Amino acid sequence: MKKIVVTALALWLLSITTTLAQTKKIRVYLLGTFHFNQVDPGGYDVKSAAQQRSMQQLAALITKRKPDKVFVERMPDYEHVNHIDSLYQAYRQGKLDRARNEIWQVGGRVAAALQHPHLYQCDHPGQYGTWYRKIADYAATHGQQQGLAMRGKGMTTPAQSSLNEDSLRQATTLLEYMRWLNSPAVQGTSLAHYLNVFPQLGNTDVFRYDSTYFLGAELTADWYRRNLFIYAKMLAQLDYSEKAIFLLMGNDHIPVIRQLFEANPYFDVVDPRKWLGKTHLKVR
């Protein structure tokens, strides 16, 4: 009897392995970005002729990968209808001016170039601001200002916080800046500070539970929660016939979302250095 059970289990595991092997993985292209419309156009104008040339180069690199669906950072929950998709239809017909934000400058441009019938939204609300204010208040009254400034022991400073991003953007092309933004060095330090800065803030006395107990860990948990919902909303809009998908999202989100897709055996996350190109910027 025991031998039969072991044999059955082995056959079951073999069937799962065979199924996964026969299922071609969906390629995932993740692009971290800054929010174009939050940058002063007086100092950096994404609609200038020079930046538009670079934007076209960026869009061409994505289009070349032929993603079947393009996902953008927009919340569907509060619209009850696919508002961004209706705007996309107007955009395709030339009835919507290409706004400054990255949804249209990159996402809409790529989807339209590939003649996609729809543009997909997948963002989810988080409580980062609420938790950060609580942490800042606690730090101010409990001597944790150095930690909040990411200058404590065992803490990582994000690459983006160690330089003047406005100056860097103005000194290079949009495409080169995006290559830098999506490099392992930049995205790695972004994720690291969620894991080694915030968890050290708040009441970290493991034996004394109160309302300030591990406030920073709460922030990091909420950050992971938000990105898990973004990932889940993407899955909900797939039928698994896709060969490739593309996500355009604020850069800090990308490392967590990458972890989730990499852990899912039905997906293959493509290293941005292979399709976007490696950065030549030396800023650290």
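This note's numbering puts the first residue of the sequence shown at 1, with every later residue one more than the last. All C-beta atoms in this analysis are idealised placements derived from N, C-alpha and C, irrespective of residue type, glycine included. These numbers were taken from a predicted model, which means no experiment stands behind them.
Legend entry - Sequence-distant residues of its chain with Cβ nearer than 8 Å to A99 (five each side left out): If you number the sequence shown from 1, residue 99 lands on position 99. Scanning its chain for C-beta atoms nearer than 8 Å, with the 5 sequence neighbours on each side dropped, one finds around A99 the residues N37 and Q105, in chain order.
Inset, instruction - Would you please state the rounded distance, in angstroms, between the beta carbons of V256 and N227? I believe it to be under 8 Å. - result: By one-based count along the sequence shown, residue 256 stands at place 256. By one-based count along the sequence shown, residue 227 stands at place 227. The pair is a contact, with the Cβ atoms about 4 Å apart (cut-off 8 Å).
Legend entry - Which residues DSSP lists as bridging L69, in chain order: The residue given as residue 69 occupies position 69 in the sequence shown. The sequence shown places Lys at residue 69, rather than the Leu named in the question. According to DSSP, K69 bridges with I245.
Inset, instruction - Output yes or no for whether 8 Å exceeds the beta carbon distance between L281 and E165. - result: Counting from one through the sequence shown, the residue named residue 281 turns up at place 281. Counting from one through the sequence shown, the residue named residue 165 turns up at place 165. The Cβ-Cβ distance between L281 and E165 does not fall below 8 Å.
Legend entry - Buried/exposed call for S190, threshold 16 Cβ in 10 Å: Position 190 of the sequence shown, counted from the first residue, corresponds to residue 190. Answer is buried; the Cβ neighbour count reaches 16.
Inset, instruction - Give me the Cα-Cα distance between M55 and M178, rounded to the nearest whole angstrom. - result: Counting from 1 along the sequence shown, the entry for residue 55 is found at position 55. Counting from 1 along the sequence shown, the entry for residue 178 is found at position 178. Just so you know, the alpha carbons of M55 and M178 end up roughly 10 Å apart.
Legend entry - Spatial distance of Q293 from P265 (CA atoms): Nothing about residue 293 can be reported from this structure: the residues present for the chain run from 1 to 284 only.
Legend entry - Every unbroken alpha helix (DSSP H) inside the segment 192 to 256 [4 residues or more]: Counting whole runs of 4 or more residues, the segment 192 to 256 contains the alpha helix (DSSP H) stretches 215 to 236.
Legend entry - Contiguous alpha helix (DSSP H) assignments of at least 4 residues, all confined to the segment 113 to 155: Runs of the alpha helix (DSSP H) lying entirely within the segment 113 to 155 and spanning at least 4 residues, in chain order: 128 to 141 and 145 to 148.
Legend entry - Beta carbon of A139 nearer than 8 Å to that of L148: Taking the sequence shown and counting its residues from 1, one reaches residue 139 at position 139. Taking the sequence shown and counting its residues from 1, one reaches residue 148 at position 148. Yes; because the gap between Cβ atoms is below 8 Å, this pair is in contact.
Inset, instruction - Determine the direct distance from the alpha carbon of T23 to that of P125, and round the result to whole angstroms. - result: Position 125 of the sequence shown, counting from 1, holds the residue named residue 125. Position 23 of the sequence shown, counting from 1, holds the residue named residue 23. The C-alpha of P125 lies about 33 Å from the C-alpha of T23.
Inset, instruction - Report the three-state DSSP secondary structure of Y29 (helix, strand or coil). - result: Your numbering for residue 29 matches position 29 in the sequence shown. Reduced to three states, the DSSP call for Y29 is strand.
Legend entry - Between the CA atoms of H116 and F267 - distance to the nearest angstrom: Stepping through the sequence shown from its first residue, residue 267 is reached at position 267. Stepping through the sequence shown from its first residue, residue 116 is reached at position 116. Our two residues, F267 and H116, have alpha carbons roughly 21 Å apart in a direct line.
Inset, instruction - May I ask you to report which of helix, strand or coil DSSP gives F34? - result: One-based indexing of the sequence shown puts residue 34 at position 34. Here F34 sits in coil by DSSP.
Inset, instruction - Compare the beta carbon distance of Y29 and R65 with 8 Å and say whether it is the shorter of the two. - result: As a first step, residue 29 is located in the sequence shown; it is residue number 29 there, counting from the start. As a first step, residue 65 is located in the sequence shown; it is residue number 65 there, counting from the start. In terms of Cβ geometry, Y29 and R65 form a close pair [threshold 8 Å].
Legend entry - Beta-carbon contacts of P76 that lie in its chain and below 6 Å, excluding the five residues immediately before and after: In the sequence shown, counting from the first residue as 1, residue 76 sits at position 76. Listed in chain order, the non-local C-beta contacts of P76 below 6 Å within the same chain comprise Q121, local neighbours out to five positions each way being set aside.
Legend entry - Reference H118; option with closest CA among L58, Q51 and D68: Reading the sequence shown from its first residue, position 118 is the one you call residue 118. From the listed residues L58, Q51 and D68, the smallest Cα separation to H118 is found for D68.
Legend entry - Beta-carbon contacts of T172 that lie in its chain and below 7 Å, excluding the five residues immediately before and after: Translated into positions along the sequence shown, residue 172 becomes position 172. If we look at T172 and ignore the five residues flanking it on each side, its Cβ neighbours are L281.
Inset, instruction - Would you mind sorting F198 into buried or exposed? The rule is 16 or more other CB atoms within 10 Å of its CB. - result: Here residue 198 refers to the residue found at position 198 when the sequence shown is read from its first residue. Burial of F198 is indicated by the presence of at least 16 other C-beta atoms within 10 angstroms of its C-beta.
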